[in-house]
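Numbering follows numbering that gives the first Met the number 0, in which position 110 of the sequence shown is assigned residue number 109; successive positions increment by one, without gaps.
Don't be surprised by glycine CBs; every beta carbon is placed ideally from N, CA and C.
From a predicted model like this one, the values you see are computed outputs, not experimental measurements.
Following: one structure in structure tokens, then a few remarks.
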Amino acid sequence: MAQIERPAPTASTRVVALIGDPVAHSLSPTIHNAAFAATGLDWVYVALSVPRDRGVEAVSALHALGLAGLNVTAPHKEAAADACDELTQDAAALRSVNTVVVRPDGRLFGDSTDGEGFIRALDAEGVKCAGRTVLVVGAGGAARAVTLALARSGARLIVAARRPEGANSAANLAPGGVAVTMEDVPLALREASVVVNATPIGMSGEPPPFATKSLGSEHIVVDLIYRPAETRLLVMARAAGARGIGGLGMLVHQAARSFTAWTGVEAPLDVMRESVHLP
Ligand code: NAP
0 MAQIERPAPT ASTRVVALIG DPVAHSLSPT IHNAAFAATG LDWVYVALSV
50 PRDRGVEAVS ALHALGLAGL NVTAPHKEAA ADACDELTQD AAALRSVNTV
100 VVRPDGRLFG DSTDGEGFIR ALDAEGVKCA GRTVLVVGAG GAARAVTLAL
150 ARSGARLIVA ARRPEGANSA ANLAPGGVAV TMEDVPLALR EASVVVNATP
200 IGMSGEPPPF ATKSLGSEHI VVDLIYRPAE TRLLVMARAA GARGIGGLGM
250 LVHQAARSFT AWTGVEAPLD VMRESVHLP
């Protein structure tokens, strides 16, 4: 990772924080502090470990503490939605907030930037999903955000998950969305030209959570995992002739949207990406 030079914070430095548990391994401080330094903003981004049952309290204290905004990660995304005064359409539909902006009057505005970050990352790779059938594997927070954003951008959705209720709930975010089991993935891959791994399976070098034998050159495989940058799924997909795209682009684009929401300044995407240039 690149080393970022910036002056030490002073009493007038604006502060943005990440809350979650755990937060110690987050790349967000690196990305945002690089962006603040590159844009000459006297802002600093810190990570705060907040216990599971203190999420609403932490978000509600934002204005009193004089913070400019917040990123929110597990397990506080739902609590953050509850604590905000206003939500974007995405955050309201998902009942999940990963970005909070403190308005000048102290009102808290909550957004969910993962879905838009995903679409922008694919755009940057020249991939448009309108009119395509996309298979999303997983039904957690990232899967739901991606499903909603893909549906908005005109894709047809199939959601595969190991719990039928999870698959149904995520698929219901997309008009006409179809829920299937993990065993149905090979069949779904006949219809889908884009497949998204939205499970954490692969973060520790594990094989993909679904059968990949029917992947071929007609497929684009997107793994939301960004560490490692090259998962076994991506290696197997490329070996089968498919195009593979990792999760780093989404990480950077969702961060860029948060950065602009807090500062009103265009995000320095190249600097942000370079700051987390993973091996
Ligand atoms: P999450 O809310 O915990 O959801 C994880 C999902 O994966 C759940 O639906 C879970 O199923 C499913 N799952 C776990 N193990 C599975 C298995 N063996 N087989 C099938 N499904 C399995 O996590 P998340 O926040 O959505 O994150 C998911 C992944 O996306 C993580 O790797 C995260 O790092 C990545 N992510 C990347 C970005 C980015 O910017 N690139 C942003 C957000 C997330 P159950 O519901 O049955 O437990």
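Taking 7 Å as the cut-off, one finds at least one heavy atom of the ligand NAP near enough to the beta carbon of P208. Taking a 10 Å sphere around the C-beta of H75, we find 16 or more other C-beta atoms and assign the residue as buried.
A16 and V45 do touch by the CB rule: their CB atoms are close to 5 Å apart, below 8 Å. As a beta-bridge residue in DSSP terms, Y44 pairs with V15. Relative to the ligand NAP, T198 has its C-beta within less than 7 Å of a heavy atom. Under the Cβ criterion (8 Å, minimum of three pairs), the stretch 187-198 counts as touching the stretch 215-231. In terms of CA proximity to L47, P28 leads the group A37, P28, R131. Bounds of the alpha helix (DSSP H) holding A78 are 76-82. For the pair V234 and V55, the Cα-to-Cα distance works out to about 41 Å. With 16 or more other Cβ atoms from the protein chains shown falling within 10 Å of its own Cβ, A80 counts as buried. Out of G176, A63, G243, the CA that lies nearest to the CA of S216 is found in G243. Under the rule that a run must span 4 or more residues, the alpha helix (DSSP H) segments found entirely inside the stretch 169-215 read 184-190.
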